[in-house]
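As numbered in our numbering, residues 269 to 1046 make up the sequence shown, in order.
Working notes, beginning with the structure itself.
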Amino acid sequence: MKKIITVFIILLFLGSLTVVAEENQQEFTNGDAYDEEFNKIAEEDIYEGVEDIEIEGDAGLTPDSAFYFLDKFIENIRVGDNPEKALEYKEEKLLELKEMIASGNSEAAQEVLERVEKYNIILKKEVSPELDERVRASSKATKVILEKIESELEGDEWEEVIGSIKDNVKEEDKIALAAKISNRIAGLCRALSNLDPLEYSKVCKTDDDAPEWKRDLDRELTEEQAVEAREFFEIMSECFDNPAECRCDDISVKPFAEQCSIIAPLAAACESGDEDACEEMENAGDPIDLLPDYLQDVMEDIEDRYGNSKHDLHVPQECVEAGATSREACMEVMFRLNAPQECQDALESGEINPRNENEARRDCEIIMFNLEAPQECKDAGLEDRPSCERLMFKLDAPQECIDAGLTGSGRDDRKKCDVIRFKLDAPQECLDAGIDGTHRDDWKKCETIKFKLDSPQECLDAGLTGEGRDDWKKCNKITFLLDSPEECHQFADERDPWKACQPVQFKLDAPQECLDAGLDGSGRDDWKKCEKIKFQLEAPEECLAAGLDGSGRNDWRECDKIRVDTKGSEDYGESREDCGSDELHICDDNGYDCRCVSKEEYDKSQGYGDDNNGIDCAVIYCSEGSECIDGVGCVSDGDSDEVQCDDCASQCEDREGQRLKGTDCGPNGCECYYESDEPEYGPGEGPGEPGDYDDNGDAPDDSGSSDSGSDNIAGDATDSGSSDSGSSDNSDSESDSSDSGSSDSSDSDDSGSSDDSSSGGNEITGGVVGEFFSRFFG
């Protein structure tokens, strides 16, 4: 256990350090990412334990020399990717920089700084553990030099140089961090190679792009692995000779050792004639994938050497039935029976040789990987399943899993991430019930709780609890029968009853013209096509002449604008200002035929009697700070039990020379507004739109239909979304009918609630409150 914990801690450190090291190699293009990782990994001072040094020496040739190009050429050859040489020449460049600054040559100074940046790139990527302290000491001294130079520079000619100096100061911390990390990675990889070779091969293995010091370290550790391979060969050879005495516990790769402890006793029992043990051993699978690459090669050699004796020990039944008595023939039979078709095709074409089991399996895995691997893995140049799984884990897992240190490399990483996902996604009710996602059936238990929360009462009344496998299916049937037309009930048992119901519902709801056009609701765009037909039938001629055909999402809105521009306000009937203080302003669904109606007349038209309950709050707009009470009208918020504002007009006194302009319900009851209370307007100002009044504040008399006079009925019609015909659309289809301009009957209760709402019946936009808002707020 102690060894496992040690490996885990090392992996955590290596995972974090590798991220920073890789970002260093990418020049830390994202400053925020650098700062974040810097704080995580290097909380202690990156210059801790480093002595102060001074960079001294001879600057040599400087950029103002005619032979400086030759100096640069020689440097490039000598440095290459050598971090030690890069450090040496970088320090020389700093001395050159001091001289160029002293001579006032800003262009030459900038050229030197560009050379410094080039050497910094080499250092960040290639700095080795052996150079750790020296590089950090140099970076510390470099920062002192650059910061001193920056503080002394003044003038526009030095602006570019100052910018480059600031960038280089930041780079020094990154170089020091890279040096410190390289030392840690080297030590941790050495420890991991001794504790868990498999994890070492996953985490510390290098490629051609790795720093040279890391490739050297890998070669050094590979020599140690050769010793381990010899020991592994010896142990496994003994296991094949006598499985009863197999030293599984001495194998260094623990996952393989655990599987060995399961298979070895079965192999011993199989040798003794226990066919059940033989069968169980075959079903246990091949644990070779649990080994690092260098031990897989050893295992294949052992299997080749002892394979025939293993085959003689137990021949699969399939081979017996096929008469395949040799190991090679049996292997081919088993391959043809179990391999994917693509691999069998490769076998027929000679691309796969079934004589070697491990090679055949590996070749088959490559074929299937190339066929089935996610595009992300192919784009990343990955060629094996484990690497692809790690990448996909990183892409798919929530950030919380990544923050928990999960990488997809561990056998249980996905399981651990699923627990984290559960806690993120499950309803609070499931968590409150003590379900945390750690058990296999936790989602099933949670679904039962969700069923009781989300399903309609009718499903619960039917005895459904969510515990049954088909409870949701049965509940969906119940809700379908409740919500669908009776003509669709025949589809209740189908897999997608609503889809089957669509043609029936279309025939019930669509106009005859759509049916005559051959539309039946089965097509994906049938409702959209039907809306186009309806538009061409119902839209005014001027809209069709303007090129609108109903196919556009906003064609009805555009049509409303055209209609207003063409007909003007005279078609709307009486304006709101024509109504008395105790009258309501009512228009039809299309905003036409507006008229003034007394409260009593409106009550009678709506079927109300003389019980004083005629005021319907659904069609009354109350000002901010007040609320509507049916039968009463608008009252102040919080005072509905104390303040009564019924028929405020009758409570207002008559004033000589003044006319009652409007009423409202205030904190103390009815409030009356007279002509003298009208606000003063400046030249050209007044309620309504700019330009509605002349410089004397009078409304123009040339048209008699200013915006204020028509009380923005045109605007109401435009915003209502109602079609010219006012036809009702009751369809539940997923078409764009809601935008077509057809009035939706389900919205009728909202009519008149505000100037922007859709009208589902006669629009109530007036009354004393409407009058007040119209005159004072436009």
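All C-beta atoms, glycine included, are put in the ideal place defined by N, C-alpha and C.
Item: Environment of Ser-374 [buried if 16+ CB atoms lie within 10 Å]; Value: buried
Item: Unbroken stretches of the alpha helix (DSSP H), 4 residues or longer, contained in the segment 341 to 368; Value: none
Item: C-beta contact flag for Ala-597 and Leu-615 at 9 Å; Value: no
Item: Whole-angstrom distance between Gln-612 and Met-602, CA atom to CA atom; Value: 11 Å
Item: Own chain residues within Cβ distance below 6 Å of Cys-743, not counting five before or after; Value: Ser-723, Cys-727 and Leu-732
Item: Boundaries of the beta strand (DSSP E) in which Cys-847 is found, first to last residue; Value: Taken as a continuous stretch (DSSP letters only), Cys-847 belongs to no beta strand (DSSP E), as it is neither H nor E.
Item: Whether Pro-771 touches Asp-793 by CB criterion (9 Å); Value: no
Item: Helix, strand or coil at Lys-854 according to DSSP, with G and I counted as helix; Value: According to the sequence displayed, residue 854 carries Ile and not Lys. DSSP places Ile-854 in strand when its eight states are reduced to three.
Item: Cβ neighbours of Cys-756 in the same chain (closer than 6 Å, five flanking residues each side left out); Value: Cys-769 and Val-772
Item: Val-380 - containing alpha helix (DSSP H), residue span; Value: 374 to 394
Item: Same chain, Cβ closer than 8 Å to Gly-325, five either side skipped, listed in chain order; Value: Glu-359, Glu-360 and Leu-363
Item: Environment of Gly-818 [buried if 16+ CB atoms lie within 10 Å]; Value: buried
Item: Where the alpha helix (DSSP H) containing Val-403 begins and where it ends; Value: 400 to 420
Item: C-beta contact flag for Cys-669 and Ala-694 at 9 Å; Value: no
Item: Outcome for Ser-450 when other beta-carbon atoms lying within 10 angstroms are tallied against a minimum of 16; Value: buried
Item: Residue range of the beta strand (DSSP E) that includes Val-865; Value: 863 to 866
Item: Collapsed DSSP secondary structure at Gly-820 in the structure displayed; Value: coil
Item: Alpha-carbon to alpha-carbon, Glu-735 and Asp-704; Value: 18 Å
Item: Inter-residue Cα distance where the pair is Cys-265 and Leu-749; Value: Here the chain comprises residues numbered 269 to 1046, so residue 265 is not present and cannot be evaluated.
Item: Within 9 Å, strictly: CB atoms of Ile-1077 and Ser-432; Value: This structure gives no information on residue 1077, because the portion of the chain shown stretches from 269 to 1046.
Item: Under the three-state DSSP convention, the category Cys-514 falls into; Value: coil
Item: Local Cβ density within 10 Å of Glu-319, reported as buried at 16 or more and exposed below that; Value: exposed
Item: Same chain only: Cβ atoms within 6 Å of Val-566, ignoring 5 sequence neighbours per side; Value: Ala-497, Phe-500 and Phe-501
Item: Pair within 9 Å by beta-carbon distance, Leu-399 and Glu-352; Value: yes
Item: Residues of its chain near Pro-555, where Cβ-Cβ distance is below 6 Å and the 5 sequence neighbours each way are ignored; Value: Phe-524 and Gln-527
Item: CB of Asn-436 within 9 Å of CB of Glu-385, strictly; Value: yes
Item: CB contact flag (Gly-676, Glu-657, <9 Å); Value: yes
Item: Buried versus exposed call for Phe-341 [16 or more other C-beta atoms within 10 Å across all chains shown]; Value: exposed
Item: Buried or exposed (CB count within 10 angstroms, at least 16 for buried), Glu-754; Value: exposed
Item: Assigned exposure category for Arg-346 - 16 Cβ within 10 Å defines buried; Value: exposed
Item: Burial state of Lys-802, where buried means 16 or more other Cβ atoms lie within 10 Å; Value: buried
Item: Lys-411 beta carbon less than 9 Å from that of Asp-441; Value: yes
Item: Candidates Ile-369, Ser-529, Ile-321 and Asp-332, of which the one nearest Ala-409 by Cα; Value: Ile-321
Item: Chain-order list of residues whose beta-carbon lies under 7 Å from that of Ala-536 (same chain, five-residue window excluded); Value: Pro-511 and Ala-512
Item: With 16 other Cβ atoms within 10 Å as the buried cut-off, status of Thr-706; Value: exposed
Item: Enclosing alpha helix (DSSP H) for Arg-689 [first to last residue]; Value: 681 to 693
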